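Chemist: Order-wise, the sequence lines are chains A, B, C and D. Quick note, the first sequence lines up with residues 6 to 466 if you use the numbering used here. Quick note, the second sequence lines up with residues 6 to 466 if you use the numbering used here. Quick note, the third sequence lines up with residues 6 to 466 if you use the numbering used here. Quick note, the fourth sequence lines up with residues 6 to 466 if you use the numbering used here.
There are 4 protein chains.
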Amino acid sequence: MPMTGEDYRESLQDGRVIYYDGKRIDDVTIHPKTRSMVDIVASTYDSEDQERREGRFSLPRSVEELRLKMDDFIQWDDLLAASILGFLTLRTVSHRMADDMQIYRQRMADWNKHCKDDNIRLTICLTDAKGDRAVRPSRQADPDSYLRVVDQTPDGIVINGAKLHATGAAISHELLVFPTKRMSSEESQWAVACAVPVNSPGLTILNAVPGPHHEEFENHPFSRHHIYPEGFAVFDHVFVPNERVFLNGEVEHSATFPHSLGLWQRIGGSAKMAEEADMLVGLAHLLAEENGLGRIPHIKDKLAEMILHATMVRAALEAAISNAEFTDEGYATPSELYTNAAKYYGSTNLSRMLNHIHDIAGGSVLTVPLSGDLDNPEIAPYLEKYMSTKPEGNGAYRTKLMQSARDITASGYAGTWQVRVLLGGGGLYAQKLVASHHYDVNRAKALALEATGLGAFNGTS
Amino acid sequence: MPMTGEDYRESLQDGRVIYYDGKRIDDVTIHPKTRSMVDIVASTYDSEDQERREGRFSLPRSVEELRLKMDDFIQWDDLLAASILGFLTLRTVSHRMADDMQIYRQRMADWNKHCKDDNIRLTICLTDAKGDRAVRPSRQADPDSYLRVVDQTPDGIVINGAKLHATGAAISHELLVFPTKRMSSEESQWAVACAVPVNSPGLTILNAVPGPHHEEFENHPFSRHHIYPEGFAVFDHVFVPNERVFLNGEVEHSATFPHSLGLWQRIGGSAKMAEEADMLVGLAHLLAEENGLGRIPHIKDKLAEMILHATMVRAALEAAISNAEFTDEGYATPSELYTNAAKYYGSTNLSRMLNHIHDIAGGSVLTVPLSGDLDNPEIAPYLEKYMSTKPEGNGAYRTKLMQSARDITASGYAGTWQVRVLLGGGGLYAQKLVASHHYDVNRAKALALEATGLGAFNGTS
Amino acid sequence: MPMTGEDYRESLQDGRVIYYDGKRIDDVTIHPKTRSMVDIVASTYDSEDQERREGRFSLPRSVEELRLKMDDFIQWDDLLAASILGFLTLRTVSHRMADDMQIYRQRMADWNKHCKDDNIRLTICLTDAKGDRAVRPSRQADPDSYLRVVDQTPDGIVINGAKLHATGAAISHELLVFPTKRMSSEESQWAVACAVPVNSPGLTILNAVPGPHHEEFENHPFSRHHIYPEGFAVFDHVFVPNERVFLNGEVEHSATFPHSLGLWQRIGGSAKMAEEADMLVGLAHLLAEENGLGRIPHIKDKLAEMILHATMVRAALEAAISNAEFTDEGYATPSELYTNAAKYYGSTNLSRMLNHIHDIAGGSVLTVPLSGDLDNPEIAPYLEKYMSTKPEGNGAYRTKLMQSARDITASGYAGTWQVRVLLGGGGLYAQKLVASHHYDVNRAKALALEATGLGAFNGTS
Amino acid sequence: MPMTGEDYRESLQDGRVIYYDGKRIDDVTIHPKTRSMVDIVASTYDSEDQERREGRFSLPRSVEELRLKMDDFIQWDDLLAASILGFLTLRTVSHRMADDMQIYRQRMADWNKHCKDDNIRLTICLTDAKGDRAVRPSRQADPDSYLRVVDQTPDGIVINGAKLHATGAAISHELLVFPTKRMSSEESQWAVACAVPVNSPGLTILNAVPGPHHEEFENHPFSRHHIYPEGFAVFDHVFVPNERVFLNGEVEHSATFPHSLGLWQRIGGSAKMAEEADMLVGLAHLLAEENGLGRIPHIKDKLAEMILHATMVRAALEAAISNAEFTDEGYATPSELYTNAAKYYGSTNLSRMLNHIHDIAGGSVLTVPLSGDLDNPEIAPYLEKYMSTKPEGNGAYRTKLMQSARDITASGYAGTWQVRVLLGGGGLYAQKLVASHHYDVNRAKALALEATGLGAFNGTS
């Protein structure tokens, strides 16, 4: 029988060690900092359709299936998206691993079956503490700066380290731990991948919760649905049984994990970015209309710029999908070149789009009163009277629209959003590198040589 | 005897009608949403030096005095800055008014003396509800869409309307009410300026408080000092005695108020922007150093871009000061051209600078754990261990620095800041207009005609 | 028998009235300002393959055929591209015209057959003189400000006016004259479309030739192949026989011509822009390599930015093709939304890409000596010695590369290119308008309403 | 008796070895590629005023004198500006040299007197061939890759090498040769500075001439006055007598020359850039007016952006002057910080400003007919008729204005200008470095530490 929302709640009351601001959270399903997201995730269990659930776990085999996968992606909440990402990543890793890694491939297959059958939620743990950025993992003053195997038993491994950006860990079932980058031959103890149940002894999760304070949910109609606890996961001699260990010392496969993840993460991020850009265009138009500014030239100009931005993000997403590459096994993966370009372009311009919304909304995006004011019959008429811009009276509606615009574009959520978009998948610098790597420089040089008449391109890059 | 912090607190317990989220705040000095700012303002009363206090109220008479005034500006909290702005604005208005306005000039002088002697705090109220943006004040469906005189007695006037962006009104002594723009000859009832004590019957102030929630102050080391309540001030048949009325129907002077205010507001804003840009440069350097990234080329490049940004904002501020214009009475006022250019340039690029800080800080700017975690001796060692990037151990310090960076650049404060910087003084479009108006287009045309050899410029613009 | 290069030359010696800098050009095949382009066009006649020639004249019926058409496009010289554009435009116009325009549709079909059979070259004439921009065609002080029918005979019409941007007119066979925009009902005399042989009596073509001076061809290895004379075509009582008249007064179809043209023109322009962006990436890499700068961080950063630029232009082109729209007759036309976004994005950033090349090339892109110096055995060794950056000696090669870079990025050609890219198809403002018109604003609003929880979108835009 | 224009012409007929495109120029005063600039320089000799001439050679001693010096700068032609730059640079070098360099200081003083008394024109030679960019001067495969002393006699030195960007060398009197950068202790033979008459045996100057071809001067009303030959100066065993040698092996002073030059070059460049930005604003307004577009919103927006650009460049120039630093001897030198910021900002945005002009001008900026057409009475009426946009007839004037706009913004001159502005004084990267070096990072950090409450700044950078 599939897990229900109630099952999900119960499954989180498992002894996990969760902290918020220095205090232990005994039960994440009732603590004010986590319960709202537990409610949202629980509701996804209750509402989901069996057939669609099955569909999630398939790898696309055509451009069309890849496009549908992206459509699904933007419907999922972040925790479900991460879970499917983890699932797809392990399948991709398995395809990329050599045959002599058969034992890991079997374990991954088994564990993936568990994920699917039990419909669990995962958090992917990639980024290590890293210590001194100029020093390799094996040379750090503290060897735990990168997560590593500190002991080994016949039944499993013991790991130490910290993973810094574990979004939603406090309300997940398992952590999927990957090496953060390629390890060199002398770094086998850092070449470790595994799945770790959140209530494993020795695992402690500290949390930052960047959404609105729970007492202020009413005034955050959008962001209150997007307050995943950001986990700082500390592994202090955590034992992982063999069947959950997917890499243990084979350094040549250490980079396979982050690379496979990156592929799905960036295309998923781009799909979301395209959808969000369209949403912002819509928000800007609603604001312009309620403000009665739709015909002011500089407002029209900003609306058009936002449309062009959204269109360019979507164009790159479209190109990434329609130029999909196919693996030997026949699976469609998005074009790295276009995916990274989409990510770079979209994240470079998001702040400017938010500024456009501020300019279109005007100062009320900051100063508009609160939802409780609309509920108080003594003062609500003031808002209706003074927030109206149309003879038929749109004061209450415009008040709510401004509250939403504040919540989406000028709140802590907006800051969080911009950081995520900028740094998710590795920062602008990483996208530049990857895009450059996948661009056909030789074809470009051949075009230039033809233009200059300096002779045919000699084929070296 | 000058007002003390304690006097200030008492003065706020005066029956004022203040709402937050639909509920009446009985005492702003103890309510969790307002008390922290009351504490900060009270502290400015206790710490201030008599001589400096006197100095605030002088208009500068030289470039050097103007420069010193700007230095003062950036030291003041926003409520004190607004109070002095209001004072200086009324003095400028008085200079600009014709002699037949002698009665208003006298009232302003008297009231200014009261401000200075009693050292009160003011909130300037400019922006009206405005109703339909395409329709003049006198043609609105609701005539109160712009604040106006609805009745007149021998002793004073009765006003109706709303002022939408009254920052700090809930904790000020008086509101200084100005017309929002030039009124035409048939709009005399909307040509009204006056000072209104906050506890006047009929005055209701709704509040939005864009800072962090009071339970989370510890995790907002910067922004907890900057959470002025944003007031939405409703005037419902408020009586204003004659001695506080500074304009009543003389439409030809309606624009004198916003123009005089704009002058001081924009230069003050530019001075603050220059200082803030320098602060961001400093923050970026601290982060780069603690992250050990100071020598990475793309980080150095971002640091240099931030320096160039800060330098250009300051250059425009410097040019605005050193090209001061002098009034007939010999007072130095900043160059409108350079002031508006500073404002435009600075606000256009702020978001990009914040993005640079995110890129330099990395993902921990979002996910770094909280201050309570540092206080818990069981888990603090994890932070010291895993947040350190240097052999000597900088984990706790780096944790705090990241918390500050999150608070300054990715919190609700950051959103509020960007909106303020963008829209304060009227939006980018307004700065473009004013700068264009003050630029010497004829000199430019003469240069172009000389370059093209098309003959001397004929002097018409 | 198909036309040969020699036939083409002869066909231009037909009495046409061509001026350059105030002097009549008697024979465009030998005049120094036109002969080089005549040679290039003639060579396209000699080299062309019969089968490919047939293929040009087909309208694409699938995404794949549309893609192939774009591939062809970027191979053609501008005059051939314009000829095919004119052909495709008339076919599109014909599809869009109502059945009662059967007579025009037949004439267009006949004339198109002539174009195809005789393989002639066309120049499309769109932009009128326009006179006072604030006044409609019918209200101009000079009614000829927009080209119009001034007389009518049983056999044809007589037209007056000027078409200002007739690229290549001096070396074309016929001018294809279109109305520049929608005409209103009282403007039937301005609703005229027709084909006009270049040697028609009354037709005078003034020329600007923006390429390098013919004595300096050797130093312009790229641009000497791209110096189409820009024609300013004056129609002074030119008679056009009925069989060449494609619109004469039916104002409701006046806009069909420019709209149909715009569709093909912008997608062709975008295809070319994508290819040129790749060429610039190649040129930048060649320069970085010869300068030995390929590993300098700020150079790598500029190369990566150029790659991202080229990738985004191509992404938008790809999206325009893969999201083709189909006419009722089953012909594939590129997506207007993505086409206009490509055009806007590409042209906005071209100058910046050229600046990147300058920064990568260094000062020699301006000061490198000339090709004659390389030919002079006394001084060539100096260039080999001092332009070399590699032990094996790359001085002569690097000299030539710098000469090409100067020619492509810092010459009159570069200026011409930037203007064309910016203004071809109507300027950035036009692209903003068209893109906004084709973007699905309602879907965007629905997304925003869902995000804000403000209820379902009510369907009005 | 001061040199006259005629004297100047004669002085150039001195046996100098000048090449253009592989051919020797026997007499630069009559060769078509050089005579026009000779004429212009000669005219500056004839027109100049004795008193102003004296004034040029003074170093400023106050902010006010520095401002006047900048005003002079923008009046001078480039050759005169370079001459004065060279003069001022040597004086600055002399101040910075230690006392034990007395012999060089005396030689510089003597030679400076000769420059002043004989009123000669100089070309500054800085940039060497450089060979492999990754290798130091002393390790180059070809030791002449940086200019060096190859022999020494009792009377002087013999030098070998090439200087690549010697603007105007062909029509100057002497070359002022500086080391291009700091030399290390083993690089004494490359630490050489001297003055070399252009007709010295062994000196060969190859030329690129980036202006319009001389047959097309009439159509280049602006750029025909700005076609300085770009010299590629080859020193092949050139003897320099001792009295013209200003450095010979003292490596510790090698960087003093380029640094002193850079100071004056960048402020001069910024002054010119500010003036040119104003000129472009003027040109844009003239075009908007003649096109009748002055009230179109997107045109007004572009005009305002151009004004803001020009204002920001000038603000930085103003700040550089008003924040002048004073040498020990009491001479005013511009602020390096603001000067470099001006240079960076101005050159980053020039291309965009030219694009704005193209958008305002419209396609005629490319296609407008030529000056000869206006002179031909048969076709000139066509231009008057069809280029007019006003009832009173502005066709001929608008034709000329478009020709000028084409010449200034879309010609080879425009390309040359953009390269100069970008790379003059070392490229954007160099400005970033220098500005960062002169910015007070410690003050910025102190501000950030105060904002974060993380304690006082400890004073280390």
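Ideal placement from N, C-alpha and C gives every residue a C-beta, glycine not left out. Being a predicted model, the structure only gives us computed values, none of them experimental.
For a minimum of 4 consecutive residues, which ranges assigned as the alpha helix (DSSP H) are wholly contained in the region 350–402 of chain D?
Modeler: If we require 4 residues or more, the alpha helix (DSSP H) runs fully inside the region 350–402 of chain D come out as 369–372, 376–380, 385–392.
Chemist: Residues of chain C with a CB under 9 Å from the CB of aspartate 306 of chain B: which are they?
Modeler: Those are Pro302, His303, Asp306, listed as they occur along chain C.
Chemist: Per the DSSP calculation, arginine 153 of chain D is bridged to which residue(s)?
Modeler: Its beta-bridge partners are D:Asn165.
Chemist: Looking at the strands, I want to know which residues DSSP matches up with cysteine 120 of chain A.
Modeler: Bridge partners of cysteine 120 of chain A: none, in fact.
Chemist: Name the chain B residues whose beta carbon is nearer than 8 Å to that of alanine 114 of chain A?
Modeler: In chain order: nothing, as chain B lies at least about 31 Å away.
Chemist: Candidates C:Thr209, C:Ser416, C:Gln157: which alpha carbon is nearest serine 193 of chain C's?
Modeler: Answer by Cα proximity: C:Gln157.
Chemist: Give a yes or no on whether the C-beta atoms belonging to methionine 407 of chain C and serine 369 of chain C are separated by under 7 Å.
Modeler: In this structure, serine 369 of chain C lies closer than 7 Å to methionine 407 of chain C by Cβ.
Chemist: Taking the C-alpha atoms as reference points, what is the distance between valine 256 of chain B and arginine 319 of chain A?
Modeler: The straight-line gap from Cα to Cα measures roughly 52 Å.
Chemist: Which of the three DSSP states, helix, strand or coil, is assigned to lysine 28 of chain C?
Modeler: Note: lysine 28 of chain C maps to strand in three-state DSSP.
Chemist: Could you check whether the Cβ of isoleucine 301 of chain B sits closer than 6 Å to any heavy atom belonging to the ligand MN?
Modeler: Ligands are entirely absent from the displayed structure, and the ligand MN is therefore not among its contents.
Chemist: Would you kindly report the start and end of the unbroken alpha helix (DSSP H) that includes aspartate 44 of chain C?
Modeler: Taken as a continuous stretch (DSSP letters only), the alpha helix (DSSP H) holding aspartate 44 of chain C covers 40–52.
Chemist: Roughly how many whole angstroms lie between the Cα atoms of isoleucine 365 of chain B and asparagine 354 of chain A?
Modeler: Going from the Cα of isoleucine 365 of chain B to the Cα of asparagine 354 of chain A covers about 18 Å.
Chemist: Answer yes or no: does any C-beta atom of chain C fall closer than 7 Å to that of asparagine 473 of chain D?
Modeler: A query on residue 473 of chain D cannot be resolved here, the shown segment of chain D reaching from 6 to 466 and no further.
Chemist: Taking arginine 144 of chain B as the query, report the chain A residues whose CB atoms sit under 8 Å from its CB, ordered along the chain.
Modeler: Neighbours of arginine 144 of chain B on chain A: none; closest Cβ ~11 Å, over 8 Å.
Chemist: Which residue's Cα is closest to the Cα of histidine 443 of chain C: C:Thr344, C:Phe262, C:Tyr336?
Modeler: For the residues C:Thr344, C:Phe262, C:Tyr336, the minimum Cα distance to histidine 443 of chain C belongs to C:Thr344.
Chemist: From threonine 128 of chain C to phenylalanine 78 of chain C, what does the alpha carbon distance come to, in whole angstroms?
Modeler: When rounded, the distance between both Cα atoms is 16 Å.
Chemist: Which stretch, first to last residue, makes up the alpha helix (DSSP H) that contains histidine 290 of chain C?
Modeler: Counting along the chain, the alpha helix (DSSP H) containing histidine 290 of chain C begins and ends at 261–296.
Chemist: Quick one, which residues of the region 338–356 of chain D are near chain B if we go by CB-CB under 7 Å, in chain order?
Modeler: Correct list: Leu342, Tyr343, Ala346, Tyr349, Tyr350.
Chemist: Count the other CB atoms, across all protein chains shown, that sit within 10 Å of the CB of glycine 458 of chain C; report buried if there are 16 or more and exposed otherwise.
Modeler: Looking at its Cβ environment, which holds fewer than 16 other Cβ atoms inside 10 Å, glycine 458 of chain C is exposed.
Chemist: So, at 7 Å on beta carbons, what are the nonlocal neighbours of tyrosine 376 of chain C in its own chain, with the 5 sequence-adjacent residues on each side left out?
Modeler: Going by the sequence as given, residue 376 of chain C is serine instead of tyrosine. Closer than 7 Å at the Cβ level, and outside the excluded window around serine 376 of chain C, lie Glu223, Asn224, Gln408.
Chemist: Do alanine 324 of chain A and alanine 337 of chain A have their CB atoms nearer than 7 Å?
Modeler: Cβ distance not < 7 Å, so alanine 324 of chain A and alanine 337 of chain A don't count as in contact.
Chemist: Does the structure place the region 184–202 of chain C close enough to the region 135–146 of chain C that three or more beta carbon pairs sit under 8 Å?
Modeler: Yes, the region 135–146 of chain C is in contact with the region 184–202 of chain C.
Chemist: In the DSSP assignment, the alpha helix (DSSP H) including valine 474 of chain D goes from what residue to what residue?
Modeler: Residue 474 of chain D lies beyond the range of chain D shown here (6 to 466); nothing can be said about it.
Chemist: Going straight from the alpha carbon of valine 243 of chain B to that of glutamate 235 of chain B, what length do you get?
Modeler: Rounded to whole angstroms, valine 243 of chain B to glutamate 235 of chain B spans 20 Å at the Cα level.
Chemist: Does the beta carbon of histidine 298 of chain B come closer than 7 Å to any beta carbon on chain D?
Modeler: The sequence given here has leucine at residue 298 of chain B, not histidine. So, not an interface residue.
Chemist: Using a Cβ-Cβ cutoff of 8 Å, what residues of the region 120–151 of chain B are near chain A? List them in chain order.
Modeler: Of all residues in the region 120–151 of chain B, Thr132, Ala134, Lys135, Gly136, Asp137, Arg138, Ala139, Ala146, Asp147, Asp149, Ser150 have a Cβ within less than 8 Å of some Cβ in chain A.
Chemist: Report, in whole angstroms, the separation of the C-beta atoms of isoleucine 232 of chain A and valine 214 of chain A, which I expect to be a contact under 8 Å.
Modeler: Yes, isoleucine 232 of chain A and valine 214 of chain A are in contact; Cβ-Cβ is about 6 Å, under 8 Å.
Chemist: Answer yes or no: does any C-beta atom of chain C fall closer than 7 Å to that of glycine 267 of chain D?
Modeler: Closer than 7 Å: no.
Chemist: Run down chain G in chain order and give the residues with a C-beta less than 9 Å from the C-beta of lysine 390 of chain B.
Modeler: Annotation note: the requested chain G is absent from the structure, which comprises protein chains A, B, C and D.
Chemist: Which residues bound the alpha helix (DSSP H) around alanine 238 of chain A?
Modeler: That residue, alanine 238 of chain A, is in no alpha helix (DSSP H); its beta strand (DSSP E) goes 235–246.
Chemist: Which word fits glycine 460 of chain B, buried or exposed, when buried means at least 16 other C-beta atoms lie within 10 angstroms of its C-beta?
Modeler: Per the 10 Å Cβ criterion, exposed.
Chemist: For the region 239–261 of chain D, which residues have a beta carbon sitting closer than 8 Å to at least one beta carbon of chain B?
Modeler: Per Cβ criterion, the list is empty.
Chemist: In terms of alpha-carbon separation, which member of D:Tyr109, D:Ala139, D:Val239 lies closest to alanine 171 of chain D?
Modeler: It is D:Val239 whose Cα lies nearest to the Cα of alanine 171 of chain D.
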